[in-house]
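**Q** Okay, handing you the structure first.
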Amino acid sequence: SFIFSLLIVPFNWDSMTYHLARISHWINNKSVGYYFTSNTRQLVSPVLDEYILLHAMLLSGSDRYVNILQWANYIVSALYIYKIARLLGCKQISSFLGSIVFLTTPIAFAESMTTQNDLTATLFLWIFLHKCVIVAKKEAISLNRSNFGDIAALGILMSLGYLAKTSVCLPMLFFAVFLVAYLFKSQKLSFTNFSIFSMTAGIFALLIASETFIRWKYYGSIDRSIVTKAVPVGTANPLKLLVNLYKNIA
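Under the numbering used here, the residue at position 60 of the sequence shown is numbered 349, and the numbers go up by one with no gaps.
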């Protein structure tokens with residue numbers, strides 16, 4: 290797939306209509322600010338992947354390497370699947386097979402040769418799960434530097450997931466709630482030390498504040514689906530959130 294990602298030019302609908310189109314506008318305008326367009330997906334869709342691809346295009350002078358980001362996320366995701374399985378006590382061969390199953394999933398393989406953002410969000414979800422397992426395996430959650438670092442990482446990963454593909458935050462939230470419930474049940478976390486998890490929410494709010502404020506400034510809402518129905522990943526509609534959760538788990 291690495292060879293394909295280098296040789297295949299961007300061709301899929303999403304890449305051509307807003308993922309790469311917005312980057313071309315940014316380069317032409319010499320700004321990542323909003324601009325006049327009839328395709329509002331170019332303005333309000335999650336921006337993280339495009340910020341990275343913007344630098345790749347500026348440094349290379351072309352779109353030759355834009356598929357590499359998804360391919361790298363594809364490979365690193367397989368690595369984290371292996372690491373998570375090993376942390377959970379799976380045998381080496383079983384962990385390896387888990388990575389192979391992911392790598393041979395048709396949609397994952399296909400997207401590794403595009404400029405879509407699903408594999409970026411997937412990678413952040415795997416790293417988030419990896420951190421959750423590490424925190425769950427601690428003997429106790431106390432207010433020390435090591436715990437602060439691990440729990441701060443959860444907030445950073447959730448904010449990066451939001452900036453990559455907003456809907457991935459829902460399964461992240463689910464696993465975070467499950468983690469806290471497990472820590473309380475196993476008596477590794479007390480109500481006295483629960484405040485350490487408030488840092489996660491604070492970091493998340495801080496890192497998404499700029500992108501969210503710009504959308505609110507121009508459209509008067511932080512809900513992307515109010516701006517355009519073509520961006521269901523940013524909706525606050527409960528039914529669509531459940532559909533997105535199902536797709537992310539799949």
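Positions of the beta carbon are idealized from the N, C-alpha and C atoms, including for glycine.
Note that the coordinates shown come from a computational prediction; the quantities given were computed from them, not determined experimentally.
F325: buried (16+ other C-beta within 10 angstroms of its C-beta) or exposed?
**A** Within the sequence shown, numbered from 1, the residue matching residue 325 stands at position 36. It is exposed - the Cβ of F325 has fewer than 16 other Cβ atoms within 10 Å.
**Q** Going residue by residue through the stretch 347-403, where are the continuous beta strand (DSSP E) segments of at least 3 residues, counting only ones entirely within it?
**A** As far as the stretch 347-403 is concerned, it has no whole beta strand (DSSP E) run of at least 3 residues.
**Q** So is P460 buried or exposed if we call it buried at 16+ other beta carbons inside 10 Å?
**A** For this step, residue 460 is matched to residue 171 along the sequence shown. So P460 ends up on the buried side.
**Q** Can you give the beta carbon distance from I445 to L496, rounded, assuming they're within the 8 Å contact cut?
**A** For the purposes of this step, residue 445 is taken as the residue at position 156 of the sequence shown. For the purposes of this step, residue 496 is taken as the residue at position 207 of the sequence shown. At roughly 7 Å, the Cβ-Cβ gap stays under 8 Å, so I445 and L496 are in contact.
**Q** Would you say the stretch 300-308 touches the stretch 396-410, given that touching needs at least three Cβ pairs under 8 Å?
**A** Yes, since at least three Cβ pairs between the stretch 300-308 and the stretch 396-410 fall closer than 8 Å, the two stretches touch.
**Q** Among residues of its own chain, excluding the 5 on either side of A453, which ones have a beta-carbon nearer than 8 Å to its beta-carbon?
**A** Stepping through the sequence shown from its first residue, residue 453 is reached at position 164. So the list reads P335, L337, D338, N406, T409, A410 and F413, once near-sequence residues are dropped.
**Q** Taking only the alpha-carbon atoms, compute the straight-line gap between A367 and L449 and give it to the nearest angstrom.
**A** Residue numbering aside, residue 367 sits at position 78 when the sequence shown is read from its first letter. Residue numbering aside, residue 449 sits at position 160 when the sequence shown is read from its first letter. Approximately 19 Å between the Cα atoms of the pair.
**Q** Using DSSP with H/G/I as helix, E/B as strand and the rest coil, what is I511?
**A** As a position in the sequence shown, residue 511 is number 222, starting the count at 1. In the structure shown, I511 sits in coil (DSSP, three-state: anything other than H, G, I, E or B).
**Q** Assuming C239 and L468 are in contact, meaning their beta carbons sit under 8 Å apart, how far apart are those beta carbons, in whole angstroms?
**A** An answer regarding residue 239 cannot be provided, because it is not within the stretch 290 to 539 covered by the chain.
**Q** Of the choices L443, I430, I440 and R504, whose alpha-carbon is the least far from that of S475?
**A** Within the sequence shown, residue 475 is the residue found at index 186, counting from 1. Among L443, I430, I440 and R504, the Cα nearest to that of S475 belongs to I430.
**Q** Let's see if you can read the secondary structure: which residues bound the alpha helix (DSSP H) around T411?
**A** Sequence index remark: in the sequence shown, residue 411 carries index 122 (1-based). Residues D407 to A425.
**Q** Figure out for me which residue from N362, F483 and I312 has the closest Cα to the Cα of A345.
**A** Residue 345 sits at position 56 when you count from the first residue of the sequence shown. Considering only alpha carbons, the answer is I312.
**Q** Under three-state DSSP, which class holds V321?
**A** The residue labelled residue 321 in the question sits at position 32 within the sequence shown. Reduced to three states, the DSSP call for V321 is coil.
**Q** Given this structure, state the Cα-to-Cα distance separating M447 from H308, to the nearest angstrom.
**A** Mapped onto the sequence shown, residue 447 falls at position 158. Mapped onto the sequence shown, residue 308 falls at position 19. Spanning the two alpha carbons is a distance of roughly 21 Å.
**Q** State yes or no: is the C-beta of I416 within less than 8 Å of the C-beta of T489?
**A** Numbered from 1 along the sequence shown, position 127 holds the residue referred to as residue 416. Numbered from 1 along the sequence shown, position 200 holds the residue referred to as residue 489. For I416 and T489, no; Cβs fall outside 8 Å.
**Q** What span of residues does the alpha helix (DSSP H) with F467 cover, start to end?
**A** The residue given as residue 467 occupies position 178 in the sequence shown. C458 to K474 is the span of the alpha helix (DSSP H), which, as asked, contains F467.
**Q** Looking at the structure shown, is S290 part of a helix, part of a strand, or coil, going by DSSP?
**A** Translated into the one-based positions of the sequence shown, residue 290 becomes position 1. Here S290 sits in coil by DSSP.
**Q** Should K420 be flagged as near chain D, meaning a C-beta pair shorter than 8 Å?
**A** Looking for chain D here will not work: only one protein chain is present.
**Q** Which residues bound the alpha helix (DSSP H) around Y451?
**A** For the purposes of this step, residue 451 is taken as the residue at position 162 of the sequence shown. Run containing Y451: R434 to A453, per the alpha helix (DSSP H) assignment.
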